[in-house]
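Quick notes on the structure that follows.
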Amino acid sequence: MDVRAAVAVQAGNPLEIMTVQLDGPREGEVLVEIKATGICHTDEFTLSGADPEGLFPAILGHEGAGVVVDVGKGVTSVKKGDHVIPLYTPECRQCPSCLSRKTNLCTAIRATQGQGLMPDGTSRFSIGKDKIFHFIGCSTFSNFTVLSEIAVAKVNPDAPFDKICYIGCGVTTGIGAVINTAKVEQGATAVVFGLGGIGLNVIQGLKLAGADQIGGADYTFDCTGNTKVMRQALEASHRGWGKSVAIGVAGAGQEISTRPFQLVTGRSWMGTAFGGARGRTDVPKIVDWYMDGKIQIDPMITHTLKLEDINNGFDLMHEGKSIRSVVVY
Ligand code: 022
Ligand code: ZN
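Residue numbers (this note's numbering): 372 to 700.
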């Protein structure tokens with residue numbers, strides 16, 4: 372079928388809005404009509420060419436929400452009409468990582484996902500004879516995309532797509548880092564470095580966790596991806612028990628450092644991907660928290676754009692003028 376997509380043709384160039392071909396879902400896959408997608412710094416990082424694993428041409432985007440319109444053979448967990456959020460961290464519930472209960476980093480389709488391909492080693496997107504790569508198993512900068520069944524979370528159908536798409540990355544990453552990774556307790560104090568689309572969600576996670584004061588330092592969170600800030604965050608955490616969580620994605624080949632003294636005096640340095648959230652289990656709960664008014668999303672969505680204007684969303688991010696831009700199809 373023909374679909375409309377913003378294609379990352381070449382590193383460093385703006386996205387090109389075009390019609391591309393999408394094959395239907397194969398075994399274990401679902402076809403999803405994407406209704407809205409956020410624009411995240413990780414899309415920008417890949418588009419810029421700074422990510423050595425970035426593949427081109429590709430359809431970027433990983434913060435989406437939409438409706439299942441077709442399912443491949445053997446798909447049982449979702450059906451046509453279900454509302455879903457794509458997951459760049461899937462949850463198969465069968466691999467050693469999922470069974471360990473100690474990590475959210477499912478390995479079931481990790482290898483092909485990193486190669487921009489579906490689990491059978493092929494791409495569903497093409498222009499004529501040329502294949503276009505998928506991006507971290509999502510490719511939400513297209514009005515339709517094919518996803519692995521284990522990489523979709525079925526969510527409350529009453530929830531608005533243009534808000535809950537943000538739960539596909541920033542909201543879950545920020546709140547999850549507090550609840551799942553740091554395990555912040557009532558009355559704790561915390562410092563958050565970097566108050567963008569993720570840092571603000573760390574703050575609302577801290578509120579949920581009952582943190583006493585966002586300004587002390589039992590827990591610190593880096594939401595910048597800057598390795599100097601990561602060091603400051605560790606060293607700003609409390610002697611004896613401080614925990615510092617790296618959330619920001621640093622450039623390829625960068626290293627972090629501190630004096631071992633900082634660690635032997637009881638500080639812990641940790642990191643998190645997708646807030647330690649188990650996608651199919653935790654994402655629907657976060658959507659319900661939003662619908663129940665337990666968390667906020669609307670005030671952080673500063674701009675809403677059409678697909679044709681997606682490059683303006685990247686400009687707003689560069690200029691520091693947006694927290695989140697959302698493309699509505
Ligand atoms: C997305 N991220 C941050 C903001 N938007 C983000 C954060 C962390 C990762 C990916 C994206 C991440 C951390 C650790 C890993 N990834 C490796 C996980 C693993 O090896 O199992 C990561 C993920 C997916 C991909 C690459 C790196 C990919 O599909 N290419 C989760
Ligand atoms: Zn993201």
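Think of the CB as a built atom: it goes at the ideal place given N, C-alpha and C, for glycine as much as any other residue.
Remember, it's a predicted structure, so these values are computed and weren't measured experimentally.
Taking just the CA atoms, how far does residue j sit from residue i?
| i | j | result |
| --- | --- | --- |
| PRO528 | GLU404 | 14 Å |
| ILE538 | ILE456 | 8 Å |
| ILE430 | ALA382 | 12 Å |
| SER628 | SER639 | 13 Å |
| ALA421 | GLY622 | 7 Å |
| LEU488 | VAL380 | 16 Å |
| PHE504 | GLN484 | 10 Å |
| THR408 | GLY586 | 32 Å |
| GLN575 | CYS540 | 15 Å |
| GLY568 | LEU402 | 28 Å |
| GLY445 | GLU520 | 10 Å |
| GLN625 | PHE506 | 23 Å |
| VAL573 | HIS412 | 16 Å |
| VAL449 | GLY437 | 13 Å |
| CYS536 | ASP589 | 31 Å |
| ILE546 | ASP414 | 20 Å |
| LYS554 | ALA548 | 8 Å |
| GLY684 | VAL542 | 18 Å |
| TYR459 | LEU634 | 32 Å |
| VAL654 | THR511 | 17 Å |
| LYS534 | PRO631 | 43 Å |
| ALA644 | LEU476 | 8 Å |
| ASP313 | GLY499 | Past the boundaries of the shown model lies residue 313; the chain is included only from 372 to 700, so the question cannot be answered. |
| HIS433 | LEU577 | 25 Å |
| GLY508 | SER693 | 26 Å |
| PRO490 | VAL517 | 11 Å |
| GLY330 | ILE388 | Residue numbering for the chain in the displayed model covers 372 to 700; residue 330 lies beyond these limits and cannot be assessed. |
| THR591 | THR544 | 15 Å |
| ASP680 | SER419 | 18 Å |
| TRP612 | ASN682 | 44 Å |
| LEU687 | VAL697 | 12 Å |
| CYS463 | GLU400 | 13 Å |
| THR474 | MET671 | 28 Å |
| MET641 | ARG375 | 40 Å |
| VAL699 | THR636 | 49 Å |
| SER615 | ARG495 | 40 Å |
| VAL439 | PRO385 | 29 Å |
| PRO423 | VAL620 | 13 Å |
Among all the DSSP beta bridges, which residues are the ones paired with residue i?
| i | result |
| --- | --- |
| ILE550 | Note: ILE550 sits in no beta bridge, so no partner. |
| LYS614 | TYR590, SER639 |
| LEU518 | VAL401 |
| LYS502 | SER497 |
| THR598 | None, per the DSSP bridge assignment. |
| VAL526 | HIS454 |
| LEU676 | VAL698 |
| VAL562 | THR591 |
| MET389 | ALA376 |
| GLN584 | THR560 |
| SER513 | ALA376 |
Taking 8 Å as the cut-off, does the CB of residue i come closer than this to any heavy atom belonging to the ligand FMN?
| i | result |
| --- | --- |
| GLU424 | Of the ligands this structure carries, namely the ligand 022 and the ligand ZN, none is the ligand FMN. |
Does any CB atom of chain C fall closer than 9 Å to the CB of residue i?
| i | result |
| --- | --- |
| GLN392 | Protein chain content of the structure displayed is limited to a single chain, and chain C is not contained in it. |
Chain-ordered list of residues that sit, by beta carbon, closer than 5 Å to a heavy atom of the ligand ZN:
So the residues near the ligand ZN by this Cβ test are CYS411, THR413, CYS540.
Which parts of the stretch 392 to 429 are runs of the alpha helix (DSSP H), unbroken and 4 residues or longer, counting only runs that do not cross its ends?
The alpha helix (DSSP H) runs of length 4 or more contained entirely in the stretch 392 to 429 are, from start to end of the chain, 412 to 419.
Taking contact to mean 3 or more Cβ pairs, one atom from each stretch, closer than 8 Å, check whether the stretch 579 to 595 and the stretch 552 to 559 are in contact.
They touch, by the three-pair rule.
With three or more C-beta pairs closer than 8 Å as the rule, is the stretch 441 to 457 touching the stretch 467 to 483?
The stretch 467 to 483 vs the stretch 441 to 457: no contact.
With a threshold of 8 Å, are at least 3 pairs of Cβ atoms found where one atom belongs to the stretch 562 to 576 and the other to the stretch 589 to 602?
Flag = yes, the stretch 562 to 576 and the stretch 589 to 602 touch.
Should the stretch 655 to 668 be regarded as contacting the stretch 391 to 405, the criterion being three or more beta carbon pairs within less than 8 Å?
They do not touch, by the three-pair rule.
Do the stretch 650 to 658 and the stretch 670 to 678 touch if we need at least three Cβ pairs shorter than 8 Å?
With a cut-off of 8 Å, the stretch 670 to 678 and the stretch 650 to 658 do not count as touching, because too few Cβ pairs lie within range.
Would you mind listing the alpha helix (DSSP H) stretches within the stretch 421 to 470 that are 4+ residues and don't spill past its ends, in chain order?
As far as the stretch 421 to 470 is concerned, it has no whole alpha helix (DSSP H) run of at least 4 residues.
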